[in-house]
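Notes to accompany the following structure.
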Amino acid sequence: MDRTIGVITAGGDTPGLNSALRALGKAATGVYGMHVIGFRDGFRGLMENRTMRLEGDALSGLLSVGGTILGTSRDKPHRMPMGGRHLDMTEVMMRNYENHHLDVLVCLGGGGTQKSAHRLMQSGLNVLTIPKTIDNDIMHTDVSFGFDTALGIATEAIDRLHSTAHSHHRIIVVETMGHNAGWLALGAGLAGGADVILIPEIPYDLHKVAQAVTARRQRGTNFSIVAVSEGALSKEEAEALAAGEAELAAATNKKERKLAKEKIRRLQIDQHDHVSKLSRQLEQLTQLESRVTILGHVQRGGAPSAVDRLLTTNLGTATARLAAEGQFGYMVAVKGAGTAAVPLENVAGHRRTVPDDHPWLESARNLNICLGD
Ligand code: F6P
Numbered sequence: 009m010d011r012t013i014g015v016i017t018a019g020g021d022t023p024g025l026n027s028a029l030r031a032l033g034k035a036a037t038g039v040y041g042m043h044v045i046g047f048r049d050g051f052r053g054l055m056e057n058r059t060m061r062l063e064g065d066a067l068s069g070l071l072s073v074g075g076t077i078l079g080t081s082r083d084k085p086h087r088m089p090m091g092g093r094h095l096d097m098t099e100v101m102m103r104n105y106e107n108h109h110l111d112v113l114v115c116l117g118g119g120g121t122q123k124s125a126h127r128l129m130q131s132g133l134n135v136l137t138i139p140k141t142i143d144n145d146i147m148h149t150d151v152s153f154g155f156d157t158a159l160g161i162a163t164e165a166i167d168r169l170h171s172t173a174h175s176h177h178r179i180i181v182v183e184t185m186g187h188n189a190g191w192l193a194l195g196a197g198l199a200g201g202a203d204v205i206l207i208p209e210i211p212y213d214l215h216k217v218a219q220a221v222t223a224r225r226q227r228g229t230n231f232s233i234v235a236v237s238e239g240a241l242s243k244e245e246a247e248a249l250a251a252g253e254a255e256l257a258a259a260t261n262k263k264e265r266k267l268a269k270e271k272i273r274r275l276q277i278d279q280h281d282h283v284s285k286l287s288r289q290l291e292q293l294t295q296l297e298s299r300v301t302i303l304g305h306v307q308r309g310g311a312p313s314a315v316d317r318l319l320t321t322n323l324g325t326a327t328a329r330l331a332a333e334g335q336f337g338y339m340v341a342v343k344g345a346g347t348a349a350v351p352l353e354n355v356a357g358h359r360r361t362v363p364d365d366h367p368w369l370e371s372a373r374n375l376n377i378c379l380g381d
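With positions in the sequence shown counted from 1, the corresponding number in the numbering used here is that position plus 8.
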């Protein structure tokens, strides 16, 4: 009997999802004679059995289209929001998987999706995954698709902020996405020539940042670009967070756990106002005017870059081949110019942050860019 692949796109959308679906669908149907069924809106669509055939005409015209034609959601199989509660809907999904006679479920997603796919695998489903996220924080892949496009958008934004910062003699604090990893801020900060780059991996000292801006001023440069990752923390915030996490780890009962979680949550809420606070503090410490730009979802929208189209074309076709060969339980990773199958258990639950000895950090230090430490 013909093999059938089920596909979902889950988590935040990312440029390149549609080109990945196209490559997977075309190779699976055209080369390996398989059927491909897409489920809408991530794991929720698998639970609610909302499908779309990913074959023939449905795969045309997708290469350059942003977003995902399948739709997406952050819903998790084992904690599905259902009428105000979170329920484990794994069994319903397993039944739908069986009813469609699927041979494998292919999940395109970031860290959360890799974890959910791994859980489904442990429950007995055949799964394959593809790493996608603009945050670039998935383990055991050279890069995740979507990162290159977001990097280009953020870099162009920083380029544009330069001329306005320069004209008005201002500090501009520009926030990139990236969750708890600094890849996007560091990459775009370097590529866009930021003067200060703050990332979650290096808690910063506010006074060192202010000194760097003041030193530029003393050299006759009255503007500065401060690129900040959304997860960046000052030294004090990082200490408070570490204390909250230690309390949570040491909690012995429900009440203690609740209190520790509440503490961590409060810090995370404060984090939302982080760049505005930083901008105000820099104004006070440097006597320069400061403005804030939050790049936000612009970084995820629109057409994928040529690099992301190439990556997703490789990843999609390689995934179709693994499915045809009956090789399951892997994330199909980017490796050099090609791909590699990495056991999913080595990926799920891990996050790839910027290591201390990364060449981008070394270059930043050699350019005298302030990293806040
Ligand atoms: O994980 C991708 C990402 O874009 C992060 O960089 C960001 O923190 C988050 O998603 C935003 O999520 P949402 O789209 O749910 O606001």
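Note that the Cβ used here is the ideal one computed from N, Cα and C, for glycine as well.
Note that the structure is a prediction, hence the values are computed from the model and not measured.
I'd like the list of long-range same chain contacts for residue i, defined as Cβ closer than 8 Å, with 5 residues on each side in sequence excluded.
i      : result
Val114 : Ile13, Gly14, Val15, Ile16, Leu32, Val135, Leu136, Thr137, Ile138, Thr327 and Ala331
Val151 : Asn144, Leu319 and Val342
Leu70  : Asn26, Ser27, Leu29, Arg30 and Ile77
Thr172 : Arg178 and Ile180
Determine the direct distance from the alpha carbon of residue j to that of residue i, and round the result to whole angstroms.
i      : j      : result
Leu398 : Leu214 : Because the chain here runs from 9 to 381, residue 398 falls outside it and cannot be looked at.
Leu128 : Thr98  : 7 Å
Ala220 : Leu290 : 11 Å
Ala165 : Glu106 : 47 Å
His94  : Arg87  : 5 Å
Asp23  : Phe51  : In the sequence as presented, Asp is not what sits at residue 23; that position holds Pro. Looking at the two C-alpha atoms, the distance is approximately 19 Å.
Leu458 : Leu286 : Only positions 9 to 381 of the chain appear in the structure, and residue 458 is not among them; the question remains open.
Arg288 : Gly239 : 18 Å
Glu353 : Ile45  : 25 Å
Ile146 : Gly119 : 6 Å
Leu379 : Lys271 : 27 Å
Ser27  : Thr37  : 15 Å
Lys216 : Gly92  : 46 Å
Leu275 : Ile77  : 36 Å
Asp21  : Thr347 : 22 Å
Leu329 : Trp191 : Looking at the sequence shown, residue 329 is not Leu but Arg. Rounded to the nearest angstrom, the two C-alpha atoms are 31 Å apart.
Arg317 : Val234 : 30 Å
Val340 : Val350 : 6 Å
Gly384 : Gly201 : Nothing can be reported for residue 384: it is not among the residues displayed for the chain, which extend from 9 to 381.
Phe153 : Ala18  : 14 Å
Asp203 : Leu169 : 12 Å
Ala162 : Val315 : 16 Å
Arg48  : Ile142 : 21 Å
Arg359 : His148 : 10 Å
Phe336 : Lys140 : 18 Å
Leu295 : Leu267 : Correcting the residue type first, residue 295 is Gln in the shown sequence and not Leu. Taking the straight line joining both Cα atoms gives about 40 Å.
Arg58  : Lys243 : 47 Å
Leu133 : Met90  : 23 Å
Val112 : Ser175 : 56 Å
Gly334 : Leu110 : 12 Å
So residue i and residue j are in contact, right, with Cβ under 8 Å, and what is the actual spacing, rounded?
i      : j      : result
Pro382 : Thr121 : Here the chain covers residues 9 to 381 and nothing more, so residue 382 does not appear.
Ser131 : Met102 : 6 Å
Met42  : Asp10  : 6 Å
Pro211 : Ala246 : 4 Å
Please work out which residues of its chain come closer than 7 Å, Cβ to Cβ, to residue i, disregarding the five sequence neighbours upstream and downstream, and give them in chain order.
i      : result
Gly357 : Lys123
Gly309 : Gly74
Gly64  : none
Ser237 : Thr184, Gly186, Gly190, Leu192, Ala193, Leu206, Ile207 and Pro208
Gly195 : Leu159 and Trp368
Pro85  : Phe51, Met97, Thr98, Met101, Ser124, Arg127 and Leu128
Ser371 : Leu198
Val283 : Val181, Glu183, Val236, Val300 and Ile302
Val362 : Ala189, Gly190, Trp191, Leu194, Ile207, Glu209 and Leu369
Whose C-beta lies closer than 6 Å to the C-beta of residue i among residues of the same chain, with five residues either side of it excluded?
i      : result
Asn230 : His177
Glu297 : Arg178
Gly344 : none
Thr325 : Ala31 and Ala35
Gly53  : Phe47
So which residues put a beta carbon under 6 Å from any heavy atom of the ligand F6P, going in chain order? Selection output, chain order preserved: Gly20, Gly118, Thr141, Ile142, Asp143, Met185, Gly186, His187, Glu238 and Arg308.
Give, in chain order, every unbroken run of the beta strand (DSSP E) that is at least 3 residues long and sits entirely within the stretch 118–161. Unbroken beta strand (DSSP E) runs of no fewer than 3 residues, entirely contained in the stretch 118–161, are found at 135–139, following chain order.
Any beta strand (DSSP E) of 3 or more consecutive residues that is wholly inside the stretch 173–201: DSSP runs (the beta strand (DSSP E)) wholly in the stretch 173–201: 178–184.
Unbroken stretches of the alpha helix (DSSP H), 4 residues or longer, contained in the stretch 77–107: Within the stretch 77–107, the complete alpha helix (DSSP H) segments of 4 residues or longer fall at 98–107, listed in chain order.
Counting only runs that start and end within the stretch 17–86, where is the beta strand (DSSP E) found for 3 or more residues in a row? With a minimum length of 3 residues, the continuous beta strand (DSSP E) runs that stay inside the stretch 17–86 are 43–47 and 59–61.
4-residue-minimum alpha helix (DSSP H) runs that sit fully inside the stretch 201–275, ordered along the chain: Taken in chain order, the complete alpha helix (DSSP H) segments of 4 or more residues contained in the stretch 201–275 are 214–226 and 243–258.
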